[in-house]
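Reviewing the structure listed below.
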Amino acid sequence: MYEQKTKETDRSVIEFIEQVEQPRKKEDAYKLLDIFSATSGYEAKMWGPSIIGFGKYHYKYESGHEGEAPLVGYSPRKAKISLYFATGDSNRQQLLERFGKHTQGKGCVYINKLDDVNVEVLKQLIVHTIDFLQTTYPTNEE
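Spelled out as structure tokens, the structure:
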């Protein structure tokens, strides 16, 4: 049976951020902590060893696969900062067009530094993702 790898932990978010080696990335990680906390209304929690997540929801796919995940989150990785927003949200791509310098993976948006993006659009992405996930998975809200 499949076991979910990325789970909420009791690890300290501040201790994790303090371990970020690059000073600018550490500074951005603290700024993102403030932005995500204030915008989402959720307390930051560590998910797995390196994702800072906010809120959570329970998902179940048609395949039967299910688990829990943060509503939104980020990770100050060595190469880039990963931002986690829901895929499948039709507003996501429109917002990303106004977001600033970024690249996209399947489920992540990658930025080099916070100064490269529009913080107001970041806040909109956070709100839209939370609304989208809570609408998609309504019985599993916190």
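Just so we're aligned: the sequence shown equals residues 551 to 692 in the working numbering. Here a beta-carbon is modelled for each residue, glycine too, at the ideal position from N, C-alpha and C.
**Item:** From Thr559, Asp578, Gln572 and Glu616, residue whose alpha carbon lies closest to that of leucine 633
**Value:** Asp578
**Asked** Below 9 Å between beta carbons: does that hold for alanine 636 and threonine 686?
**Response** In contact: alanine 636 and threonine 686 (Cβ atoms closer than 9 Å).
**Asked** Does DSSP classify glutamate 691 as helix, strand or coil?
**Response** The predicted model places glutamate 691 with a pLDDT of 43, which falls under 50 and marks its position as unreliable, so this point remains unresolved.
**Prompt:** Just curious, the beta strand (DSSP E) that leucine 645 is in, first and last residue?
**Reply:** Leucine 645: not part of any beta strand (DSSP E); member of the alpha helix (DSSP H) spanning 640-646, first to last residue.
**Request:** Select from Glu571, Lys595, Leu672 and Leu683 the residue whose C-alpha is nearest the C-alpha of leucine 645.
**Result:** Leu672
**Asked** Leaving out five residues before and five after proline 559 in sequence, what residues of the same chain have Cβ atoms less than 6 Å from its Cβ?
**Response** For the sequence presented, residue 559 should be read as threonine rather than proline. Contacts found: Met596.
**Message:** So for threonine 589, helix, strand or coil by DSSP?
**Reply:** Residue state, collapsed to three classes: helix.
**Item:** N-terminal and C-terminal residue of the alpha helix (DSSP H) that leucine 683 is part of
**Value:** Unbroken alpha helix (DSSP H) run through leucine 683: 669-686.
**Message:** Taking the alpha-carbon of aspartate 681 as reference, which of Arg642, Gln572 and Ser600 has the nearest alpha-carbon?
**Reply:** Arg642
**Item:** Enclosing alpha helix (DSSP H) for phenylalanine 566 [first to last residue]
**Value:** Its alpha helix (DSSP H) spans residues 563-568.
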